[in-house]
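Peer 1: I'd like to ask some things about the structure below.
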């Protein structure tokens with residue numbers, strides 16, 4: 012971070028544990044409620060304006076990212092059944108990214124990034140870069156990122 016002349020200040024800490032460590036032991040209703048709350052938080056994250064340089068073409072950047080992920084996926088021996096349907100859907104809908112607003116994008120949202128305390132959703136680990144992770148809880152918070 013020194014190279015980019017950036018610094019970080021931790022203003023709060025979200026208590027809890029990653030959901031992937033124990034979610035399977037919770038009731039179906041508790042899992043549902045955690046997932047619902049996490050989905051609402053993800054929607055808020057995706058509504059935050061991203062201050063990306065105007066020189067970045069959003070559609071092209073997402074295509075490059077998809078190509079990288081696809082190449083990594085193809086290195087693995089496991090293949091999804093009917094994967095061609097998923098891949099065709101993605102490739103056929105890239106045009107929807109043209110002229111889209113630039114928003115914060117959490118494209119690694121999974122149980123390991125969902126923080127749970129007392130069997131209740133408590134926040135999300137928002138991966139913000141190659142080596143920076145920020146724990147956030149947007150509920151009731153006016154966040155300007």
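In my numbering, the protein residues as written are 12 to 156.
C-beta atoms are modelled at their ideal positions from N, C-alpha and C, and glycine is treated no differently.
1. Answer yes or no: do residue 45 and residue 132 have a C-beta to C-beta separation smaller than 9 Å?
2. For residue 89, which residues from the same chain have a beta carbon less than 6 Å from its beta carbon, with the 5 sequence-adjacent residues on both sides left out?
3. For the beta strand (DSSP E) containing residue 34, list its first residue and its last residue.
4. Start and end of the alpha helix (DSSP H) containing residue 97?
5. Evaluate the contact criterion for the stretch 68-87 versus the stretch 97-115: three or more CB pairs, one atom per stretch, below 8 Å.
6. For residue 116, which residues from the same chain have a beta carbon less than 6 Å from its beta carbon, with the 5 sequence-adjacent residues on both sides left out?
Peer 2: Taking the geometry as given:
1. In contact: residue 45 and residue 132 (Cβ atoms closer than 9 Å).
2. Cβ neighbours of residue 89 beyond the five flanking positions: none.
3. Counting along the chain, residue 34 falls outside any beta strand (DSSP E), and DSSP gives it neither H nor E.
4. For residue 97, the enclosing alpha helix (DSSP H) has its first and last residue at 94-103.
5. With the cut-off at 8 Å, the stretch 68-87 and the stretch 97-115 touch.
6. Closer than 6 Å at Cβ, skipping near neighbours: no residue.
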